[in-house]
Amino acid sequence: MTSGKRSILLTLLALLVTASIFVASGLGAVKITITEILDILLTKLGISNGQSQHEAVFWIIRLPRVLLSAFVGAGLAISGTAMQGIFRNPLADPSIIGISSGAASTASVFIVVLSAIMPQWYTMWGVSLLSIASFIGAALTAWLIFTISHTKRGADLATMLLAGIAINALGGAITGVMTFLADDVQLRSLTFWTLGSLGGATWQSAGIVAAITTVCLIFLIPISKGLNAMALGESEALHIGINVQSLKVRVIILTTLAVSATVAFCGIIGFIGLAVPHILRISFSSDNRFLLPASALGGALLLIWADTLSRTIAQPAEIPIGVITALTGAPVFLYLLIQQKRKAKYA
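What follows is the structure in structure tokens.
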């Protein structure tokens with residue numbers, strides 16, 4: 000794929016994401032037209048003096064949630080792309096080294112234990128403290144895995160993968176115990192946490208995730224050539240001048256940061272980090288210089304509409320977003336894999 004075609008495709012994806020933000024912000028129990036949305040935005044900018052009865056719904060509830068979904072999707076997708084590059088495995092995703100599992104187990108302990116010991120504190124400050132606790136859990140998990148896999152020659156990816164499998168099993172066991180001990184209210188919170196939800200979106204959470212995702216993308220793009228070289232193997236990458244150990248460390252740190260931020264505010268949202276990079280790789284190009292920004296936009300686009308479906312398809316109830324991402328993304332993913340197999344057969 001030429002650089003011109005890449006630029007056109009990235010521009011189209013960016014326009015689709017922008018349009019989706021506007022359209023999705025107007026969908027829900029209360030319908031808001033595009034004209035009203037533009038009027039509200041112009042009023043906020045001081046350009047117009049118009050008033051809309053839906054301003055509070057749009058500005059306080061809808062827009063922060065849609066923006067959060069966009070940046071969460073982008074963060075998960077770029078993390079998946081980077082992990083697939085460093086492990087040289089298209090089936091790798093951000094959960095492969097146990098970061099999501101570590102965050103989930105920490106959150107489950109927080110939800111069940113803290114709410115039982117200090118119910119008033121949990122009710123008053125539970126949302127923010129839960130996010131902090133899960134972020135710390137994810138960071139500690141990444142540190143533990145990196146420590147276990149570190150050797151004199153640097154991080155060993157095979158050991159890291161095996162440690163991730165063990166952490167995933169341990170985290171699942173802890174979450175299972177907490178689920179068994181939880182009461183009805185706690186069980187509902189745990190269910191939404193483990194299946195993902197953007198229901199608690201605020202401008203603060205959207206801003207934090209946006210800042211972290213943007214920083215991670217900015218630092219990942221310059222090492223995209225190194226990720227391309229890793230596709231040839233570690234030895235080959237070393238021979239052409241790539242500092243493989245430094246590359247591994249940077250990728251693990253940046254993906255941990257991005258995934259920790261998304262899990263902290265939204266719980267575990269599966270499939271995005273696995274499917275989006277793979278779909279784009281099959282459909283367009285495996286060049287990480289294109290794949291990283293394209294994955295960010297593709298992940299944002301997919302999660303915006305998955306979240307829109309989760310909050311509108313069964314109104315006034317809300318379906319966990321992880322269910323939607325799996326139900327909508329899996330068939331497309333399988334179709335592309337079948338098409339790829341057919342092409343390989345007749346090639």
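Going by numbering that gives the first Met the number 0, the sequence shown runs without a break in its numbering and finishes at 346.
The beta carbon of each residue, even a glycine, is placed where N, CA and C say it ideally should be.
Our two residues, residue 106 and residue 7, have alpha carbons roughly 42 Å apart in a direct line. Between residue 182 and residue 101, the alpha-carbon positions lie close to 22 Å from each other.
Contact holds between the region 210-219 and the region 254-262, because three or more Cβ pairs, one in each stretch, are under 8 Å apart. Taking the C-beta atoms as reference points, residue 73 is found nearer than 8 Å to residue 298.
Under the three-state reduction of DSSP, residue 53 is assigned to coil, being neither helix nor strand. Within the same chain, and ignoring the five residues on either side of residue 31 in sequence, the residues whose Cβ sits closer than 6 Å to its Cβ are 25, 53, 57. At the C-beta level, residue 272 and residue 170 stay beyond 8 Å of one another. Taken in chain order, the unbroken stretches of alpha helix (DSSP H) that lie wholly in the region 64-108 and span 4 residues or more are 98-108. Between residue 329 and residue 270, the C-beta spacing is below 8 Å. The Cβ atoms of residue 185 and residue 111 sit closer than 8 Å to each other. Residue pairing from DSSP places residue 154 in a beta bridge opposite 149.
If you draw a straight line from the Cα of residue 19 to the Cα of residue 303, it comes to about 7 Å.
Rounded to the nearest whole angstrom, the C-alpha separation of residue 238 and residue 188 is 51 Å. For residue 276, the enclosing alpha helix (DSSP H) stretches over residues 271-282. Per DSSP, residue 13 is one residue of the alpha helix (DSSP H) stretching across 2-24. A buried status is given to residue 290, since no fewer than 16 other beta-carbon atoms sit within 10 Å of its beta-carbon. Under the three-state reduction of DSSP, residue 29 is assigned to coil, being neither helix nor strand.
Taking a contact to require three or more Cβ pairs closer than 8 Å, the region 333-340 and the region 274-285 qualify as touching. Residue 27 and residue 165 have their alpha carbons spaced roughly 41 Å apart. Secondary structure of residue 233 (DSSP, three-state): helix. Only residues of its own chain outside the window of five on either side were considered, and among them 84, 223, 226, 227 have a CB closer than 6 Å to the CB of residue 287, listed in chain order. Shortest Cα-Cα distance from residue 79 to any of 320, 317, 261 involves 261.
The three-state secondary structure of residue 292, taken from DSSP, is helix.
104 is the residue among 220, 62, 311, 104 whose C-alpha sits nearest the C-alpha of residue 263.
By alpha-carbon distance to residue 148, the top candidate from 140, 159, 17 is 159.
Around the Cβ of residue 174, a 10 Å sphere holds 16 or more other Cβ atoms; the residue is buried. No residue range can be given for residue 314, since it is assigned to no alpha helix (DSSP H) and is classified by DSSP as neither H nor E. Contact check for residue 244 against residue 154 passes: the beta carbons are separated by less than 8 Å.
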